[in-house]
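Each residue of the sequence shown is one higher than the last, beginning at 1 in UniProt numbering.
Glycine residues also receive a C-beta, built at the ideal position from the N, C-alpha and C atoms.
Predicted model only: the values in this text are computed from it and were never measured.
Below: the structure, in structure tokens.
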Amino acid sequence: MGKWKWILIIVLLALVGVAVYAGVAYYKVQETANDVYSNADSASKSASQQIKAKKPISILLLGIDTGSDGRTDKGRSDTMMVATINPKTKKTTLMSIPRDTLASMKADGESSIQKINAAYQIGGSTTAKNTVKNLLNVPINYYLTINMGGMKDLVNAVGGVTVTSKYTFNFNGITITKGTHHLNGKQALTFARMRYQDPLGDYGRQLRQQQVIKAVAKKLLSANSLTNYQKVLNIVKKNIRTDISFGDMTSMAKSYRAAGNTIKSDQLQGQDATINGGSYQIASTKELNRVSKKLRNQLGLSAAKVKNKEVSMNKANPYFDGVNYTTYNVETDTSETDATGTEGTESSGTEATGTTGTQGNTQQSSGPTATWSQNNSANQQGANW
Numbered sequence: 001m002g003k004w005k006w007i008l009i010i011v012l013l014a015l016v017g018v019a020v021y022a023g024v025a026y027y028k029v030q031e032t033a034n035d036v037y038s039n040a041d042s043a044s045k046s047a048s049q050q051i052k053a054k055k056p057i058s059i060l061l062l063g064i065d066t067g068s069d070g071r072t073d074k075g076r077s078d079t080m081m082v083a084t085i086n087p088k089t090k091k092t093t094l095m096s097i098p099r100d101t102l103a104s105m106k107a108d109g110e111s112s113i114q115k116i117n118a119a120y121q122i123g124g125s126t127t128a129k130n131t132v133k134n135l136l137n138v139p140i141n142y143y144l145t146i147n148m149g150g151m152k153d154l155v156n157a158v159g160g161v162t163v164t165s166k167y168t169f170n171f172n173g174i175t176i177t178k179g180t181h182h183l184n185g186k187q188a189l190t191f192a193r194m195r196y197q198d199p200l201g202d203y204g205r206q207l208r209q210q211q212v213i214k215a216v217a218k219k220l221l222s223a224n225s226l227t228n229y230q231k232v233l234n235i236v237k238k239n240i241r242t243d244i245s246f247g248d249m250t251s252m253a254k255s256y257r258a259a260g261n262t263i264k265s266d267q268l269q270g271q272d273a274t275i276n277g278g279s280y281q282i283a284s285t286k287e288l289n290r291v292s293k294k295l296r297n298q299l300g301l302s303a304a305k306v307k308n309k310e311v312s313m314n315k316a317n318p319y320f321d322g323v324n325y326t327t328y329n330v331e332t333d334t335s336e337t338d339a340t341g342t343e344g345t346e347s348s349g350t351e352a353t354g355t356t357g358t359q360g361n362t363q364q365s366s367g368p369t370a371t372w373s374q375n376n377s378a379n380q381q382g383a384n385w
């Protein structure tokens with residue numbers, strides 16, 4: 001599906017949970033979990049203590065476009081969601097972040113301002129986690145990525161999904177008609193991927209992605225899904241990476257499983273902007289604080305105003321409204337306060353380019369970006385995701 005990150009975690013947690021309770025191929029689940037595990041950072045290591053204490057946790061779910069449409073290069077995370085899981089309230093929240101959202105990020109000591117889906121491409125999961133953390137002022141405990149190349153197989157492995165389309169459309173040679181349908185993997189992928197025919201554009205696509213995610217999660221949390229558990233495990237092993245250890249998965253399966261039964265969805269809303277001819281989404285300061293407050297509340301944290309470079313840039317564009325005035329100027333030579341309250345200084349000029357870097361030291365990156373380099377004004381379109 002459109003980047004079914006939540007699916008990944010549900011895949012493992014559902015199967016691990018059943019294995020814990022019923023002893024179903026426990027060692028095979030453990031083997032798969034070890035195969036998809038990637039080195040944890042300090043955030044995920046400290047999160048283990050939260051899981052032991054049965055406290056709320058957050059997971060950055062990333063759908064990577066490598067493996068989609070025959071691509072083999074390191075893809076961008078063209079679908080991004082923050083999942084908060086609260087075992088006490090027994091609720092899960094999925095917050096979608098538009099792929100074109102303008103965000104400040106840092107990788108290998110180099111700062112840049114790009115579309116947020118570039119964070120994974122330039123610095124992997126660590127940069128993606130830090131970028132989202134600083135954008136929304138919420139802790140990100142774990143990440144979970146899934147390759148789009150395996151999504152079709154995963155849907156087929158759980159017997160397909162039932163979704164409702166608000167309208168009829170044709171995409172990639174497949175027609176989805178208005179109404180409720182049971183879709184196979186290829187159809188579900190089409191349903192979740194279509195963007196330009198949706199009146200709401202990327203936001204409409206996010207709603208359809210969430211619909212598929214919930215449908216797959218429901219299937220995976222049912223006992224019937226275990227009839228194909230070996231096939232599901234093989235798909236997981238090939239297409240998923242996470243910094244959630246098997247021990248944490250097991251604990252989550254025991255204590256957090258009920259939270260998967262109630263999944264609420266939301267979206268970070270942005271406004272259309274043009275930066276050097278490139279199309280971006282700008283999240284207003286009010287919207288950043290709304291989303292931050294909601295996620296922090298789900299995590300049992302008090303509200304705290306977002307103070308970061310994005311807020312600083314919004315202040316520097318008082319006339320921007322996304323409708324009558326869509327030109328957005330990316331600020332230069334400004335100090336910022338990141339999500340942790342630490343002061344930092346960025347340097348050099350900024351514009352939409354095809355490179356990232358500072359003071360002449362550049363790193364090639366595909367797609368339209370707004371960066372600290374002024375040497376290149378090329379603007380390329382990213383993948384359809």
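Legend entry - Neighbourhood of ALA128 by C-beta, 7 Å cutoff - its chain only, sequence neighbours within 5 removed: If you number the sequence shown from 1, residue 128 lands on position 128. Correct list, in chain order: LEU60, LEU62, SER77, ALA119, TYR120, TYR143.
Inset, instruction - Taking 8 Å as the threshold, find out whether the stretch 256 to 266 comes into contact with the stretch 80 to 91 through three or more Cβ pairs. - result: yes
Inset, instruction - State the DSSP-derived secondary structure class of MET95, mapped to helix, strand or coil. - result: Indexing the sequence shown from 1 puts residue 95 at position 95. In the structure shown, MET95 sits in a strand (DSSP, three-state: E or B).
Inset, instruction - Give a yes or no on whether the C-beta atoms belonging to ASP272 and THR326 are separated by under 7 Å. - result: Reading the sequence shown from its first residue, position 272 is the one you call residue 272. Reading the sequence shown from its first residue, position 326 is the one you call residue 326. Taking 7 Å as the Cβ cut-off, ASP272 and THR326 qualify as a contacting pair.
Inset, instruction - Go through the stretch 208 to 254 residue by residue and report every complete run of the beta strand (DSSP E) that reaches 3 residues or more, in order. - result: 240 to 242
Legend entry - Touch test, the stretch 91 to 98 against the stretch 179 to 187, Cβ-Cβ under 8 Å, three pairs minimum: no
Inset, instruction - May I have a chain-ordered list of the beta strand (DSSP E) segments no shorter than 3 residues that lie completely inside the stretch 136 to 181? - result: 142 to 147, 161 to 165, 169 to 171, 174 to 176
Legend entry - Residue from GLU310, ASP202, VAL161, VAL212 with nearest C-alpha to LYS133: Translated into the one-based positions of the sequence shown, residue 133 becomes position 133. Nearest C-alpha to LYS133: GLU310.
Inset, instruction - Count the C-beta pairs between the stretch 235 to 253 and the stretch 168 to 177 that are closer than 8 Å, then say yes if the count reaches three, no if not. - result: no
Inset, instruction - To the nearest angstrom, report how far apart GLU346 and VAL212 are at their CA atoms. - result: The sequence position of residue 346 within the sequence shown is 346, counting from 1. The sequence position of residue 212 within the sequence shown is 212, counting from 1. Low per-residue confidence applies at GLU346: pLDDT is 35, beneath 50, and the placement is therefore not dependable enough to give any value.
Legend entry - DSSP state of ASP202 mapped onto helix, strand, coil: Within the sequence shown, numbered from 1, the residue matching residue 202 stands at position 202. DSSP places ASP202 in helix when its eight states are reduced to three.
Legend entry - 8 Å contact criterion, which THR79 and GLN210 should meet: CB distance rounded: One-based indexing of the sequence shown puts residue 79 at position 79. One-based indexing of the sequence shown puts residue 210 at position 210. That pair is no contact at about 10 Å.
Inset, instruction - Give the range of the beta strand (DSSP E) segment to which LYS115 is assigned. - result: Position 115 of the sequence shown holds residue 115. Residues 110 to 115.
Inset, instruction - Could you tell me the boundaries of the alpha helix (DSSP H) in which ALA192 lies? - result: Translated into positions along the sequence shown, residue 192 becomes position 192. Residues 185 to 193.
Inset, instruction - Assign SER265 to one of three DSSP states: helix, strand, or coil. - result: Reading the sequence shown from its first residue, position 265 is the one you call residue 265. Residue state, collapsed to three classes: strand.
Inset, instruction - Using beta-carbon positions only, say whether ASN117 and ASN239 come within less than 7 Å of one another. - result: Sequence index remark: in the sequence shown, residue 117 carries index 117 (1-based). Sequence index remark: in the sequence shown, residue 239 carries index 239 (1-based). Cβ atoms of ASN117 and ASN239: not closer than 7 Å.
Inset, instruction - Using a threshold of 7 Å, state whether the C-beta atoms of ALA304 and ASN137 are closer than that. - result: Locating residue 304 in the sequence shown gives position 304, where the first residue counts as 1. Locating residue 137 in the sequence shown gives position 137, where the first residue counts as 1. A contact, by the Cβ cut-off of 7 Å.
Inset, instruction - Go ahead and label ALA53 buried or exposed: buried means 16 or more other beta carbons lie within 10 angstroms of its beta carbon, across all protein chains shown. - result: Taking the first residue of the sequence shown as 1, we reach residue 53 at position 53. Burial call: exposed.
Legend entry - C-beta contact flag for THR126 and ASP41 at 7 Å: Taking the sequence shown and counting its residues from 1, the one referred to as residue 126 is at position 126. Taking the sequence shown and counting its residues from 1, the one referred to as residue 41 is at position 41. Cβ distance < 7 Å, so THR126 and ASP41 count as in contact.
Inset, instruction - Just tell me which of ALA107, GLN206, SER38 has its CA closest to the CA of TYR196. - result: The residue labelled residue 196 in the question sits at position 196 within the sequence shown. Per the Cα distances, GLN206.
Inset, instruction - Give the C-beta separation of LEU268 and ALA283 to the nearest angstrom, bearing in mind that I take them to be a contact with Cβ-Cβ under 8 Å. - result: Locating residue 268 in the sequence shown gives position 268, counting from the first residue. Locating residue 283 in the sequence shown gives position 283, counting from the first residue. Contact holds; Cβ gap of about 6 Å.
Legend entry - SER302, buried or exposed, once every other Cβ within 10 Å from all chains shown has been counted against 16: Counted from its first residue, the sequence shown places residue 302 at position 302. SER302 comes out exposed.
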